[in-house]
Amino acid sequence: MLRQIWIVSALNFKSLESRFWQSMVIVVGLAATIGVMLSMLSLSAGMREAYLRAGDPGRAIVVSKGADSEPQSSITRDVRP
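In numbering that gives the first Met the number 0, the protein residues as written are 0 to 80.
The following block contains the structure:
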């Protein structure tokens with residue numbers, strides 16, 4: 000079985016000269032895809048760490064009723080519960 004793998008691999012490497020540019024397109028495309036994937040994974044891991052380390056656990060963000068996030072909220076200083 001190893002001999003068969005060796006023979007098939009040798010034939011593929013011998014014909015590499017005739018299909019060099021087609022092979023390079025595949026190699027560069029895979030490298031670009033892997034590079035983008037790694038950059039997105041590292042970006043998301045960095046953002047997660049930044050969010051986990053930022054802020055004080057003793058603080059709370061108060062938003063107005065019906066608001067889904069902080070920018071949608073508007074609470075004035077004179078409002079009391």
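Just so it is clear, CB atoms sit at the ideal spot from N, CA and C, and this is done for glycine as well.
Every value quoted in this text rests on a predicted model; they were computed, and no experiment measured them.
Reduced DSSP category for residue i - H, G, I as helix; E, B as strand; rest coil
i: I33; result: helix
i: E16; result: coil
i: R76; result: coil
i: M0; result: coil
i: A53; result: coil
Chain-order list of residues whose beta-carbon lies under 8 Å from that of residue i (same chain, five-residue window excluded)
i: V62; result: S68, E69, Q71, S72 and I74
i: L42; result: none
Whole-Å CB distance - residue i paired with residue j, under 8 Å assumed
i: L15; j: S22; result: 6 Å
Neighbourhood of residue i by C-beta, 6 Å cutoff - its chain only, sequence neighbours within 5 removed
i: L51; result: none
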